[in-house]
Amino acid sequence: MRRTTLITVIGMLTLACVALAQPRPDAALFAAARKAFPRSISTNEISRALDTGLWNSNRTAVAICLTNSKASTVFVFLKHTDGKYLAVDASIEGLGIWQIGIAPRSAYERLELTPVQWLDREDGMFMVLMRTRAWKAGQRYTVEKPLLIRQDGTILHK
Numbered sequence: 002m003r004r005t006t007l008i009t010v011i012g013m014l015t016l017a018c019v020a021l022a023q024p025r026p027d028a029a030l031f032a033a034a035r036k037a038f039p040r041s042i043s044t045n046e047i048s049r050a051l052d053t054g055l056w057n058s059n060r061t062a063v064a065i066c067l068t069n070s071k072a073s074t075v076f077v078f079l080k081h082t083d084g085k086y087l088a089v090d091a092s093i094e095g096l097g098i099w100q101i102g103i104a105p106r107s108a109y110e111r112l113e114l115t116p117v118q119w120l121d122r123e124d125g126m127f128m129v130l131m132r133t134r135a136w137k138a139g140q141r142y143t144v145e146k147p148l149l150i151r152q153d154g155t156i157l158h159k
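Take the sequence shown: its position 52, counted from the start at 1, is 53 in our numbering, and no numbers get skipped.
Written as structure tokens, this is what we have:
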């Protein structure tokens, strides 16, 4: 019985160490995300999205995605020098539906937008490659489009 108790205690300590070692989004990032997303998005959903966010190489920007059965919501959070984050809604601008060109947005049964990769820039702007998957009449269409974002959050068209 003693050995079982010892193994259980060691197992619990190991789990606690692993849980504490997991990186947590900083409070400023979480606050910006909570403010940006609709109230219908739960705190747990936001935490999961932040945990799996796509960071740029110097960790000054992160793209996060929340997907439901019909569409995706993508926000890019830009870290400012004061430690606060600016939320940029990339959901519409990042879609690139016009590249598919077969129907207006409302005609698709489902739209899925996913940040794929950060592209390095030397001019202080941010560029993230976005993948759009669109379903219409059982057919899936896929396009990728770079999204260029100024430090003030303005999205520029490429």
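All C-beta atoms in this analysis are idealised placements derived from N, C-alpha and C, irrespective of residue type, glycine included.
Quick caveat, the model's predicted, so the values are computed rather than measured.
Per DSSP, A138 is not a residue of any alpha helix (DSSP H), being assigned neither H nor E.
Taking the Cα positions, A32 is about 35 Å away from Y142. For I65, the enclosing beta strand (DSSP E) begins and ends at 62–68. DSSP, reduced to helix, strand and coil, places K85 outside both helices and strands of the structure shown, so it counts as coil.
With a contact defined as Cβ atoms closer than 8 Å, L55 and A64 qualify at about 5 Å. Under DSSP, D52 forms no beta bridge with any residue. For R111, the enclosing beta strand (DSSP E) stretches over residues 111–120. About 38 Å separates the beta carbon of G139 from that of L79, a gap too long to meet the 8 Å contact definition.
Cβ contact annotation for E46 (same chain, cutoff 7 Å, sequence separation greater than five): L67, in chain order.
For F38, the secondary structure class from DSSP, reduced to helix, strand or coil, is coil. Nearest to T53 by alpha-carbon distance, out of P116, V129, R134, is P116. Here the alpha carbon of R132 sits roughly 29 Å from the alpha carbon of G84. Residue environment: L157 is assigned as exposed (fewer than 16 neighbouring CB atoms within 10 Å of its CB, all protein chains considered).
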